[in-house]
Structures are given as structure tokens and as C-alpha cells.
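*Asks:*
Chains as they are written, first to last, in my numbering: chain A, 68 to 179; chain B, 178 to 392.
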């Protein structure tokens, strides 16, 4: 966790989009790599890098299946990943609830 | 979560691919991505349900207008049948196309299993067989248009209960209720019950889905 209590693994635009997209599916449903790429709008190489980081943390799992000469990769958000997104969302709510009217956070006032 | 104070588009662009995010930007991005994903994965989008509601009201309402003055009741005219068939074909094709697009690349509970599809097809066949059997036995309401809704509605209700999908379960129950109410409306009145009942049910579903997508 960083200073804000936000999970640094999710608190990156691309990975936040990946996790939020997968979380929109019912628990346990998988999404093909190509559909995810289409929805996020990333190059395959970029998407693979971010998926690998999320998979190393146990937030997603991926599976490769081969059908003849074609290989299909599917990804799914794990329960750990869904819980991490829930924690992240709550941390964001707490932070935004603590924002002043001028948009500065309470904890920034406390630091100064 | 809603980022009410932040412009979504500029936030997303400003945040970039690997840049840093402020809490407000993150909240806006999360909100925007979640809503977009829910819309794209939705097999019954509100626009389709509203279109279907208008179509069902127009098609079945037109038939009701043509049969309501019949004494004795003779049923839809030859001119009404193509309208009804066209409505069923267009409705089925649009539903399949939109569902296929929404669930492309998705595996799991978002898609119907073969067993569920078999149950639904058998329910439709059973409804037709039951109506034919009861009609041959001289039961009046067997030939009402709403009677065909009861068995498929019950099958849908059971399937959605098994999936713990309460919104769709309510849809199934509404279809069953329309079928039962139609049985008391007389042969011509049943067309009006079907037209208005299904239209209201579809508009209700569209409103519920639109609300869920924004929640």
C-alpha cells in the first residue's frame, strides 16, 4: 500500500481499467485476451506486461488453450483480485470523503 | 462510485497509460471503465428492450384493433399473420445478434449452458403442444395469445432462480402473470393484455438494467 492506502498495483490507469473491466463480469467468468485488448485499447505487448504483474500478485489468472493451430488465452479476476478492488474502492471513497471543498486532501493539511 | 466533480474524458487522457493518478482521477476512471464494461457485457441492453417494447405494442396492438370488433371471434386476419411472424423473426434475430456481440470472448455464467437452452426450447415446444391439446379438448383460453407465455415464463423463472438472478426472475414471473391475466380477458382482450403487459414488462426491465448499470 502507498501513503494513501491505495494498492499501488491497481493504482495505475491501465491496470485499474483491466481490473475494473474484469470485475464487471460475474465471479468466475473468463474473458478472451483479444476482447480485453479491444475493450482496453492497448497493444498486445503492453497488455501482456500489465497482466503479468497482476497475475504475479494473484489478482488475475490466465489460461492458454490450443485449438488446432490457433492458441487462445483467457483471463479471469480471482477472488483475491476482486477483494483487492473492493479494498481499493473503499480506500478511494475514504480519501474522497476526506477531501476539502477546494479539492485538497485532509491528510495533506495535516502534513504541512 | 461516481466522480461527480471530474470530467471523465480529460481525466482518462491526462492520466495516460502509465502516469500517476490522483484519487479523483482514479475514482472517475474506475467509474467510467465499470460503466462502459457493464454496457458492453449487457446481453439485453436497455435500447433493445425499449425497441422491443415499442414493437410488441405496435404488432400486438394492431392485431387487437383488428379482432376487437369480431362477433363471434374468428382470430387474426390473414393480413395480421405476416406482421406477427415478422415481429417474432426480427425480435429473435436482434436478440441473438446483440447477445452474441455482448458475450463475445466471454465464458462462464454470462452465457447460457446447453442444458439451459434445451430447457427453454422444450418449454416453448411444451407450450405449443399444451395449447393444441387443450384447444382440441375445447378449452377456450388455450387459443388465447397470452396462454403461450405461461410455460416458457415458468421455465425462465426457474432458470433464473437457479442463477440467483432476481431481476430476470421477476421478468419471468411477470410473463406468467400476463399469461394468466390474459386467460380472463377473452379472446380479443387477451391481445390487448399481451400488448400492454409485455410492453410494460420490457420497459420495466430496461429501466432496471439502466439503473443497475449506473449504480
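Just so you know, even glycine gets a beta-carbon here, dropped at the ideal spot from N, CA and C.
#1: So, at 8 Å on beta carbons, what are the nonlocal neighbours of residue 239(B) in its own chain, with the 5 sequence-adjacent residues on each side left out?
#2: Does DSSP put residue 245(B) in a helix, a strand or coil?
#3: Going along the chain, which unbroken runs of the alpha helix (DSSP H) with 4 or more residues stay wholly within the region 106-130 of chain A?
#4: Provide the residue span of the beta strand (DSSP E) that contains residue 221(B), from first to last.
#5: How big is the Cα-Cα spacing for residue 373(B) and residue 385(B)?
#6: What first and last residue would you give for the alpha helix (DSSP H) that runs through residue 137(A)?
#7: CB-CB under 6 Å to residue 352(B), same chain, minus the five flanking residues each way: which ones, in chain order?
#8: Using a cut-off of 8 Å between C-beta atoms, extract the partners of residue 131(A) located in chain B.
#9: Can you give me the C-alpha to C-alpha distance between residue 112(A) and residue 74(A), rounded to a whole angstrom?
#10: Compute the Euclidean distance between the alpha carbons of residue 132(A) and residue 280(B), then round it to the nearest angstrom.
#11: State buried or exposed for residue 201(B), treating a residue as buried only when at least 16 other CB atoms are found within 10 Å of its CB.
#12: Taking only the alpha-carbon atoms, compute the straight-line gap between residue 150(A) and residue 375(B) and give it to the nearest angstrom.
#13: So if I threshold CB-CB distances at 7 Å, which residues from the region 210-232 of chain B count as touching chain A?
#14: Since I believe residue 277(B) is in contact with residue 93(A) (beta carbons under 8 Å), could you give me their beta-carbon distance rounded to a whole number of angstroms?
#15: Does the beta-carbon distance from residue 369(B) to residue 291(B) come in below 9 Å?
#16: Listing by chain order, which chain B residues have their CB less than 9 Å from the CB of residue 95(A)?
#17: Within the same chain, show all residues whose beta-carbon is closer than 8 Å to that of residue 305(B), passing over the 5 residues directly before and after it, in chain order.
#18: Could you tell me which chain B residues have their CB closer than 9 Å to the CB of residue 120(A), listed as they occur along the chain?
#19: Closer than 8 Å by beta-carbon distance: list the chain B residues that pair up with residue 102(A), in chain order.
#20: From 380(B), 382(B) and 366(B), pick the residue whose C-alpha is nearest to that of residue 247(B); which is it?
#21: Quick one: grab the DSSP three-state call for residue 316(B).
#22: Which whole-angstrom value is the C-beta distance of residue 145(A) and residue 128(A), which I expect to be below 8 Å?
#23: What does a CB cutoff of less than 7 Å around residue 241(B) pick up in its chain, not counting 5 residues either side in sequence?
#24: Please name the residue or residues paired with residue 97(A) in a DSSP beta bridge.
#25: Classify residue 133(A) as helix, strand or coil using the three-state DSSP reduction.
#26: Can you find a C-beta in chain A that's less than 9 Å from the C-beta of residue 203(B)?
#27: Classify residue 249(B) as buried or exposed, calling it buried when 16 or more other Cβ atoms lie within 10 Å of its own Cβ.
#28: Taking 9 Å as the cut-off, decide whether the C-beta atoms of residue 91(A) and residue 215(B) are in contact.
#29: Could you check if residue 83(A) is buried or exposed, using at least 16 other CB atoms within 10 Å of its CB as the buried criterion?
#30: Kindly indicate which three-state DSSP category residue 268(B) falls into: helix, strand or coil?
#31: Hey, is residue 206(B)'s beta-carbon within less than 9 Å of any beta-carbon in chain A?
#32: Could you give the residue range of the alpha helix (DSSP H) that holds residue 380(B)?
#33: Please classify residue 136(A) as buried or exposed, where buried requires at least 16 other C-beta atoms within 10 Å of its C-beta.
#34: Cutting at 6 Å between CB atoms, please list the residues of its own chain near residue 114(A), excluding the five before and the five after it.
*Replies:* Per the coordinate set shown:
#1: Within the second chain, residue 239(B) is the residue found at index 62, counting from 1. Answer for residue 239(B): 257 and 260, listed in chain order.
#2: Here residue 245(B) corresponds to residue number 68 of the second chain, with the count starting at 1. Three-state result, residue 245(B): coil.
#3: Runs found: 111-123.
#4: Translated into positions along the second chain, residue 221(B) becomes position 44. First-last for residue 221(B): undefined, no H or E at that position.
#5: As a first step, residue 373(B) must be located in the second chain, where it is residue number 196. As a first step, residue 385(B) must be located in the second chain, where it is residue number 208. Near 18 Å, if we compare the C-alpha coordinates of residue 385(B) and residue 373(B).
#6: Counted from its first residue, the first chain places residue 137(A) at position 70. Premise fails: residue 137(A) lies in the beta strand (DSSP E), 137-144, not in any alpha helix (DSSP H).
#7: Your numbering for residue 352(B) matches position 175 in the second chain. Within the same chain, residue 352(B) has close Cβ partners 326 and 330.
#8: Along the first chain, read from residue 1 onward, the residue named residue 131(A) stands at position 64. Result: empty, since nearest Cβ-Cβ is about 14 Å, beyond 8 Å.
#9: For this step, residue 112(A) is matched to residue 45 along the first chain. For this step, residue 74(A) is matched to residue 7 along the first chain. Cα to Cα, residue 112(A) sits roughly 23 Å from residue 74(A).
#10: As a working mapping, residue 132(A) is identified with position 65 in the first chain. As a working mapping, residue 280(B) is identified with position 103 in the second chain. For the pair residue 132(A) and residue 280(B), the Cα-to-Cα distance works out to about 19 Å.
#11: Position 24 of the second chain, counting from 1, holds the residue named residue 201(B). Looking at its Cβ environment, which holds 16 or more other Cβ atoms inside 10 Å, residue 201(B) is buried.
#12: Looking up residue 150(A) in the first chain gives position 83. Looking up residue 375(B) in the second chain gives position 198. In a straight line, the C-alpha of residue 150(A) is about 39 Å away from that of residue 375(B).
#13: 210, 211, 214, 215, 217 and 218
#14: As a working mapping, residue 93(A) is identified with position 26 in the first chain. As a working mapping, residue 277(B) is identified with position 100 in the second chain. That belief does not hold up - the Cβ atoms of residue 93(A) and residue 277(B) are roughly 18 Å apart, past 8 Å.
#15: On the second chain, residue 369(B) is found 192 positions in, with the first residue counted as 1. On the second chain, residue 291(B) is found 114 positions in, with the first residue counted as 1. Cβ distance not < 9 Å, so residue 369(B) and residue 291(B) don't count as in contact.
#16: Residue mapping note: residue 95(A) aligns to position 28 of the first chain, counting from 1. What residue 95(A) touches in chain B: 285 and 286.
#17: In the second chain, counting from the first residue as 1, residue 305(B) sits at position 128. These residues qualify, in order along the chain: 325.
#18: To locate residue 120(A), count along the first chain from 1; it is residue 53. Per Cβ cutoff of 9 Å: no residues; residue 120(A) is ~11 Å from chain B at best.
#19: As a first step, residue 102(A) is located in the first chain; it is residue number 35 there, counting from the start. The answer, in chain order, is 281, 282 and 283.
#20: Here residue 247(B) refers to the residue found at position 70 of the second chain. Looking only at 380(B), 382(B) and 366(B), the smallest Cα-Cα distance to residue 247(B) is reached by 366(B).
#21: Taking the first residue of the second chain as position 1, residue 316(B) is located at position 139. Three-state result, residue 316(B): coil.
#22: Along the first chain, read from residue 1 onward, the residue named residue 145(A) stands at position 78. Along the first chain, read from residue 1 onward, the residue named residue 128(A) stands at position 61. That belief holds up - the Cβ atoms of residue 145(A) and residue 128(A) are roughly 5 Å apart, short of 8 Å.
#23: As a first step, residue 241(B) must be located in the second chain, where it is residue number 64. Short of 7 Å from the beta carbon of residue 241(B), and not among the five residues preceding or following it, lie these beta carbons of its own chain, in chain order: 365, 368, 369 and 372.
#24: For the purposes of this step, residue 97(A) is taken as residue 30 along the first chain, with counting starting at 1. DSSP lists 284(B) as partners of residue 97(A).
#25: Here residue 133(A) corresponds to residue number 66 of the first chain, with the count starting at 1. It is a strand residue.
#26: Looking up residue 203(B) in the second chain gives position 26. At least one chain A Cβ lies under 9 Å of residue 203(B).
#27: Here residue 249(B) is taken as the residue at index 72 of the second chain, counted from 1. By the 10 Å Cβ count, residue 249(B) comes out exposed.
#28: In the first chain, the residue the question calls residue 91(A) occupies position 24. In the second chain, the residue the question calls residue 215(B) occupies position 38. Their beta carbons are under 9 Å apart, which means residue 91(A) touches residue 215(B) by this criterion.
#29: Position 16 of the first chain, counted from the start, is the residue given in the question as residue 83(A). When all chains shown are included, residue 83(A) counts as buried.
#30: Counted from its first residue, the second chain places residue 268(B) at position 91. DSSP places residue 268(B) in helix when its eight states are reduced to three.
#31: Stepping through the second chain from its first residue, residue 206(B) is reached at position 29. Interface flag for residue 206(B) against chain A is set, since a Cβ pair is found closer than 9 Å.
#32: Residue 380(B) sits at position 203 when you count from the first residue of the second chain. Segment 363-391, the alpha helix (DSSP H) holding residue 380(B).
#33: Against the first chain, residue 136(A) aligns to sequence position 69. Label assigned to residue 136(A): exposed.
#34: The residue you call residue 114(A) lines up with position 47 of the first chain. Correct list, in chain order: 104.
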